[in-house]
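Working notes for the structure below.
In my numbering, the protein residues as written are 135 to 508.
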């Protein structure tokens, strides 16, 4: 009788290329949001260095001017904090709308609507109005106006199916135009014209309608810094730990499935967009209620679009909203001193900020493709 055949041994595994092993280990690290953000900052910083070189300025001189504009004095720090607070409010609203599956690109128009309403209420208040009444009235007016402005886009989406991207974008131009008309017409909000040098802006708000300062008198930082921080904190808690946040996330992931579960999809989407508008309107009211306490034609300074950029970079994280807002707020004020002290155009900072968005978007696209391929 012949012996049983010996079992065949399993084939040896094919050798794995070292580069493929390294890619497998490093890939998840590079796809982490922090790594993506750091890489984008490095690339944007390199581009900024190229802009400084192109302007014929010594990079060391430009860096000193930038740091001086950001941290060189209590005034610089306070101005940067005010700017960061405005950006944080707009980005917080953008994040809420984004959780509901909507993209709110109308922060500029909503900010203008809020500033317009705040100025109208503020200049109508008597000169002796107490701050406990005047400040809340101005801020609430901005919130209501901004929320109503965004509510137009929400209503059109719910009733007509119109894309909120288109409607909020177009409403930006209307909001900016309304501010321009209001500050050029004496019958509306323009201050009385006493000479040819009278600027097209509203009359100053009374003392009781101005945001109070925080900290030392040398710093222009106002209470809006505290309001923005509290708003981001409370919004983060609501989105993570309440039924409202869960419903918004459900609608954002799948409106059809949410509707089958009985959720009021249209109401949640409209509410998320209205909240974004209210936050931007509050930011607009804050810009009117801080120095110089007037509504001017270009008072927004593009904050609405910068807040959109902050929201995109934060990628749904309220913690990242605060961090990126601080970064952009300090960079914006540093860019002003960069032009004054080093001769580098302040628009260079805006270019660097825009490149940040492009690099983050490219990294997100690349990591998404790699994730699907793997």
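Where a beta carbon is used, it is the ideal one built from N, C-alpha and C, also for glycine.
Looking only at its own chain, which residues have a Cβ that is under 6 Å from the Cβ of residue 386, when we skip the five neighbours before and after it? Cβ neighbours of residue 386 beyond the five flanking positions: 233, 234, 235.
First and last residue of the alpha helix (DSSP H) that includes residue 480? For residue 480, there is no enclosing alpha helix (DSSP H), since its DSSP letter is neither H nor E.
Closest by CA to residue 289, which one among 205, 382, 413, 406? Ranking the options by Cα distance to residue 289, first place goes to 406.
What ranges does the alpha helix (DSSP H) occupy inside the region 217-281, keeping only unbroken runs of at least 4 residues that lie completely in it? Complete alpha helix (DSSP H) runs here, min 4: 241-258.
For residue 347, the three-state DSSP class (helix, strand or coil): Assignment of residue 347 by DSSP, reduced to helix, strand and coil, places it in the strand class.
Where residue 156 falls: helix, strand or coil (DSSP): With a pLDDT of 48 at residue 156, under the threshold of 50, the predicted position of this residue should be treated as unreliable, and no value is reported.
Check each candidate in 204, 457, 491 and name the one with the smallest Cα separation from residue 470. Just measuring C-alpha positions, the residue of 204, 457, 491 sitting nearest residue 470 is 204.
State the Cα-Cα distance for the pair residue 491 and residue 175, rounded to the nearest angstrom. Residue 491 and residue 175: Cα-Cα distance of roughly 10 Å.
For residue 435, which of helix, strand or coil comes out of DSSP? Residue 435: coil per DSSP, three-state reduction.
Taking DSSP as the reference, what is the three-state secondary structure of residue 394? Helix at residue 394.
Under the assumption that residue 486 contacts residue 182 (Cβ atoms under 8 Å), give the Cβ distance between them as a whole number of angstroms. Yes, residue 486 and residue 182 are in contact; Cβ-Cβ is about 4 Å, under 8 Å.
From residue 180 to residue 303, what does the alpha carbon distance come to, in whole angstroms? Each residue's Cα considered, the two are about 32 Å apart.
Using the three-state DSSP reduction, which class does residue 191 fall into: helix, strand or coil? In this structure, residue 191 counts as coil in the three-state DSSP scheme.
Helix, strand or coil: how does DSSP classify residue 492 here? Judged by DSSP in its simplified three-state form, residue 492 adopts helix.
Residue 305: buried (16+ other C-beta within 10 angstroms of its C-beta) or exposed? Looking at its Cβ environment, which holds 16 or more other Cβ atoms inside 10 Å, residue 305 is buried.
By how many angstroms is the C-alpha of residue 388 removed from the C-alpha of residue 437? So the alpha carbons of these two residues sit roughly 31 Å apart.
Output yes or no for whether 8 Å exceeds the beta carbon distance between residue 227 and residue 238. Taking C-beta atoms as the reference points, residue 227 and residue 238 count as a pair closer than 8 Å.
What does the Cβ neighbour count give for residue 263, buried or exposed, with the cut at 16 atoms within 10 Å? Flag for residue 263 reads buried.
Three or more C-beta pairs under 8 Å: does that hold for the region 252-262 against the region 387-402? Output reads no: the region 387-402 does not touch the region 252-262.
Residue burial classification, residue 156 (beta-carbon count within 10 angstroms, cutoff 16): A caution first: residue 156 carries a pLDDT of 48, below 50, which makes its placement in the model unreliable, though a value can still be read off. So residue 156 ends up on the exposed side.
Are there 16 or more other CB atoms within 10 angstroms of the CB of residue 326, so buried, or fewer, so exposed? Exposed, by the Cβ-count rule.
Based on the DSSP secondary-structure assignment, which residues constitute the bridge partners of residue 336? DSSP lists 324 as partners of residue 336.
Return helix, strand or coil for residue 376, following the three-state DSSP convention. In the three-state DSSP reduction, residue 376 falls in the coil class, being neither helix nor strand.
For residue 430, which residues does DSSP report across the bridge? Answer is 335.
Please classify residue 316 as buried or exposed, where buried requires at least 16 other C-beta atoms within 10 Å of its C-beta. Counting the other CB atoms within 10 Å of its CB gives residue 316 a total of 16 or more, which places it among the buried residues.
For the region 262-277 against the region 413-432, do three or more pairs of beta-carbon atoms, one drawn from each stretch, fall closer than 8 Å, so that the two count as touching? Yes, the region 262-277 touches the region 413-432.
Here's the rule: buried if 16 or more other CB atoms are within 10 angstroms of the residue's CB, otherwise exposed. What is residue 364? Under this definition residue 364 is an exposed residue.
Judging by CA-CA distance, which residue of 298, 283, 330, 178 is the nearest neighbour of residue 106? This structure does not reach residue 106, given that the chain is present from 135 up to 508, and the question cannot be answered.
Opposing strand residues paired with residue 356 [DSSP bridges]: Residue 356 is bridged to 347.
Which same chain residues end up closer than 6 Å to residue 291 when comparing Cβ atoms and leaving out the 5 residues on each side of it in sequence? When the five nearest sequence neighbours on each side are left out, the beta carbons in the same chain lying within less than 6 Å of the beta carbon of residue 291 are those of 298, in order along the chain.
Of all the options 404, 425, 242, which has the alpha carbon lying nearest to the alpha carbon of residue 307? Just measuring C-alpha positions, the residue of 404, 425, 242 sitting nearest residue 307 is 242.
When the distance is taken between beta carbons, is residue 366 closer than 8 Å to residue 460? Cβ distance not < 8 Å, so residue 460 and residue 366 don't count as in contact.
Since residue 199 and residue 472 should fall inside the 8 Å C-beta cutoff, what is the C-beta to C-beta distance between them, to a whole number of angstroms? With 8 Å as the limit, residue 199 and residue 472 qualify as a contact, their Cβ atoms being about 5 Å apart.
If you count every other CB in all the chains shown that lies within 10 Å of the CB of residue 336, and 16 or more means buried, which is it? Residue 336 is buried by the Cβ-count criterion.
Residues in the same chain with beta-carbon distance under 8 Å from residue 301, minus the five sequence neighbours each way, listed in chain order, please. Answer for residue 301: 240, 286, 287, 290, 291, listed in chain order.
In this structure, does DSSP put residue 206 in helix, strand or coil? Secondary structure of residue 206 (DSSP, three-state): coil.
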